[in-house]
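Numbering of the sequence shown is given in UniProt numbering, commencing with residue 1 and proceeding in unit increments.
Positions of the beta carbon are idealized from the N, C-alpha and C atoms, including for glycine.
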Amino acid sequence: MFFWSKETGVTLGFIQPGKPTQNAFVESLNGKFRNECLNQHWFRTLDEARYEIELWREHYNYVRPHSSLNYMPPVAYAKQAA
Numbered sequence: 001m002f003f004w005s006k007e008t009g010v011t012l013g014f015i016q017p018g019k020p021t022q023n024a025f026v027e028s029l030n031g032k033f034r035n036e037c038l039n040q041h042w043f044r045t046l047d048e049a050r051y052e053i054e055l056w057r058e059h060y061n062y063v064r065p066h067s068s069l070n071y072m073p074p075v076a077y078a079k080q081a082a
């Protein structure tokens, strides 16, 4: 992870153990991803997992309404805000 972050110019930030509120938006996304995708499928192959995860990602960003974005999908909200 360290070498990847250096190569891509990403700054890593660490939270204190046992303090998920320091990273609440990521914890929220992880929970939704687990409940709406990972817990719904039994992946038999890595390719199948990649396929289902990509379908979920597209739905999450292009179709699924988000209450924090006035019940719009993120892509539509970003277009409106631009």
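Out of curiosity, what's the CA-to-CA distance linking Leu-38 and Asp-47?
14 Å
Taking the alpha-carbon positions, what's the Ala-78 to Asn-70 distance?
12 Å
Of the choices Glu-7, His-66, Asn-23, whose alpha-carbon is the least far from that of Gly-13?
For Gly-13, the nearest C-alpha among the options comes from Asn-23.
In this structure, what does DSSP give as the bridge partners for Met-72?
His-66
In terms of alpha-carbon separation, which member of Phe-33, Ala-82, Ser-68 lies closest to Glu-58?
Phe-33
Using the three-state DSSP reduction, which class does His-59 fall into: helix, strand or coil?
helix
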